[in-house]
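Student: Note that the working numbering numbers the sequence shown so that position 153 is 145, with each residue one more than the last. Built from N, CA and C at the ideal position, the CB exists for glycine as well.
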Amino acid sequence: MKTVNQPLRKMKQYTLADLYTFIAVVETGSFHQAAERMSTSTASVSRRISALEEAMDTRLLNRTTRTMHLTDAGQQYYGDVQNVLAGLQESEERLKAGNAIISGNLRIAAPMSFGIKRISPLIPEFLKRYPDIHIDLVLEDRETDLYAEGIDIALRIGELKDSSLIATRLCPIDFAYCASPDYLKKHGEPKSYDDLKNHHCLHYSLTRSKHQWGISNELAQLKGQLTANNGQVLCDAAVQGTGIVILPRFIVESALQKKQLKTILVNVTPAPTYLYALRLSRQFTPAKVKVMIDYLNEKFAES
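1. Here's the rule: buried if 16 or more other CB atoms are within 10 angstroms of the residue's CB, otherwise exposed. What is Thr255?
2. Consult DSSP for Arg134 and reduce its assignment to one of helix, strand or coil.
3. Go ahead and pull the three-state DSSP assignment for Asp128.
4. In the DSSP assignment, find the beta strand (DSSP E) that holds Gln170 and state where it starts and stops.
5. Can you find the residues in the same chain that come closer than 7 Å, C-beta to C-beta, to Ala9, ignoring five residues on each side of it along the sequence?
6. Along the chain, where does the beta strand (DSSP E) containing Val237 start, and where does it finish?
7. If you draw a straight line from the C-alpha of Phe118 to the C-alpha of Asp133, how long is it?
8. Is the region 128 to 143 touching the region 235 to 245 in the sense that three or more CB pairs, one from each, lie closer than 8 Å?
9. Quick check on Ile94: buried or exposed, where buried means 16 or more other Cβ atoms within 10 Å of its Cβ?
10. Under a Cβ-count criterion, where at least 16 other Cβ atoms within 10 Å of its own Cβ denotes burial, should Thr56 be classed as buried or exposed?
11. To the nearest angstrom, how far is it from the Cα of Leu257 to the Cα of Ser184?
12. Under 9 Å between the Cβ atoms of Val73 and Phe23?
13. Would you kindly report the start and end of the unbroken beta strand (DSSP E) that includes Lys109?
14. If distances are taken between C-alpha atoms only, which option among Leu52, Ile145 and Asn75 comes closest to Gln67?
15. Answer with buried or exposed for Lys71, where buried requires no fewer than 16 other C-beta atoms within 10 angstroms of its C-beta.
16. What does Asn75 pair with, by DSSP beta-bridge criteria?
17. Do Ala26 and Glu19 have their C-beta atoms closer together than 9 Å?
18. Straight-line CA distance for Met104 to Asp286?
19. Please state whether DSSP places Thr32 in a helix, a strand or coil.
20. Can you give the beta carbon distance from Ile127 to Leu98, rounded, assuming they're within the 8 Å contact cut?
21. Give the secondary structure of Tyr12 by DSSP, where H, G and I count as helix, E and B as strand, and everything else as coil.
22. Ends of the alpha helix (DSSP H) at Leu288?
23. Between the C-alpha atoms of Ser36 and Ile125, what's the straight-line distance to the nearest angstrom?
24. Which partner residues of Leu267 appear in the DSSP bridge assignment?
Quick look at the structure:
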């Protein structure tokens, strides 16, 4: 019986840009935000997605004027494309590693006060070690969206939410209860947690823990005139005698040294808290991300 060779089915054409655009749309949930990430127009994003769907002969996204979500086929394809692009990136990084050059843009997000006091002093030495890396440091007291905002590393302090992100614990963060000498002279010094309900307590609004003060549910709601999403603001208010704070030592250390604040409740140990470096959950970690996390581990171990 004679075997007939069947002609190969010609694959329809699409580009790497189409694949990266598809990933950007899924991760940001928006054509507009994907366009910003890709430095292109919303119309261009729409054309690329349409071209990809035409090449696949399959609808990947169900979209209306208000909503957008992956189809079942799109969900499967999204995972496959991630693996393909991760493989390409790994190959590129291996080639770069072979040439002993680590390069690229490295976008890092960190809390405002921690970024200024602890990360900023470390950057110049890192840039000298890796002159082909460009750092974009984003300092904001909020949770950044690594996918939507193109963040390579997010530094976060405290309890982490369950997520698909990869977390590396870098170092412990020590906290202290503090108040100004003037405040303590006027209101007295608390000797226990229970005493705090009779004082003005300044609150950090972004904490994930409802018990940051170590207060049990049975105690009355702590009173205070000021809530802020930045620790330095609370520190400055405490120095002015507005109330008691519990803050990381890296924020209050200068005021403690100048005796503008005094440590109180010294026999009470706040729950342990840590600094984490978060990165996207992918099979391959880019060299630029790895060397920064290793560098931070090195520096925080020294201190």
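Tutor: Straight from the coordinates:
1. Translated into the one-based positions of the sequence shown, residue 255 becomes position 263. Classification of Thr255: exposed, given that the 10 Å Cβ count is below 16.
2. Translated into the one-based positions of the sequence shown, residue 134 becomes position 142. Three-state DSSP puts Arg134 in coil, outside helix and strand.
3. In the sequence shown, counting from the first residue as 1, residue 128 sits at position 136. Asp128: strand per DSSP, three-state reduction.
4. Taking the sequence shown and counting its residues from 1, the one referred to as residue 170 is at position 178. Residue 170 is actually Cys in this sequence, not Gln. Where Cys170 is concerned, the enclosing beta strand (DSSP E) stretches over Phe167 to Ala171.
5. Here residue 9 is taken as the residue at index 17 of the sequence shown, counted from 1. Cβ neighbours of Ala9 beyond the five flanking positions: Arg40.
6. Residue 237 sits at position 245 when you count from the first residue of the sequence shown. It spans Val237 to Pro240 - the beta strand (DSSP E) in which Val237 sits, taken as one unbroken run.
7. Translated into positions along the sequence shown, residue 118 becomes position 126. Translated into positions along the sequence shown, residue 133 becomes position 141. So the alpha carbons of these two residues sit roughly 24 Å apart.
8. no
9. Residue mapping note: residue 94 aligns to position 102 of the sequence shown, counting from 1. Flag for Ile94 reads buried.
10. Taking the sequence shown and counting its residues from 1, one reaches residue 56 at position 64. Counting Cβ neighbours within 10 Å, Thr56 comes out exposed, since fewer than 16 surround it.
11. Within the sequence shown, the letter at position 265 stands for residue 257. Within the sequence shown, the letter at position 192 stands for residue 184. When rounded, the distance between both Cα atoms is 6 Å.
12. The sequence position of residue 73 within the sequence shown is 81, counting from 1. The sequence position of residue 23 within the sequence shown is 31, counting from 1. Taking 9 Å as the Cβ cut-off, Val73 and Phe23 do not qualify as a contacting pair.
13. Your numbering for residue 109 matches position 117 in the sequence shown. Run containing Lys109: none; DSSP gives neither H nor E here.
14. Locating residue 67 in the sequence shown gives position 75, where the first residue counts as 1. The candidate whose alpha carbon is nearest that of Gln67 is Leu52.
15. For this step, residue 71 is matched to residue 79 along the sequence shown. Note that residue 71 is Gly in the sequence shown here, rather than Lys. Answer is exposed; the Cβ neighbour count stays below 16.
16. Position 83 of the sequence shown, counting from 1, holds the residue named residue 75. Bridge partners of Asn75: none, in fact.
17. To locate residue 26, count along the sequence shown from 1; it is residue 34. To locate residue 19, count along the sequence shown from 1; it is residue 27. Contact: yes.
18. As a first step, residue 104 is located in the sequence shown; it is residue number 112 there, counting from the start. As a first step, residue 286 is located in the sequence shown; it is residue number 294 there, counting from the start. In a straight line, the C-alpha of Met104 is about 22 Å away from that of Asp286.
19. Against the sequence shown, residue 32 aligns to sequence position 40. Of the three classes helix, strand and coil, the one that applies to Thr32 here is coil, per DSSP.
20. By 1-based counting over the sequence shown, the position of residue 127 is 135. By 1-based counting over the sequence shown, the position of residue 98 is 106. The pair is a contact, with the Cβ atoms about 5 Å apart (cut-off 8 Å).
21. The sequence position of residue 12 within the sequence shown is 20, counting from 1. The answer is helix: DSSP assigns Tyr12 an H, G or I state.
22. For the purposes of this step, residue 288 is taken as the residue at position 296 of the sequence shown. Ala279 to Glu294 is the extent of the alpha helix (DSSP H) around Leu288.
23. Here residue 36 refers to the residue found at position 44 when the sequence shown is read from its first residue. Here residue 125 refers to the residue found at position 133 when the sequence shown is read from its first residue. Taking the straight line from one Cα to the other gives about 29 Å.
24. By one-based count along the sequence shown, residue 267 stands at place 275. The partner list for Leu267 (beta bridge, DSSP) reads Ile149 and Cys163.
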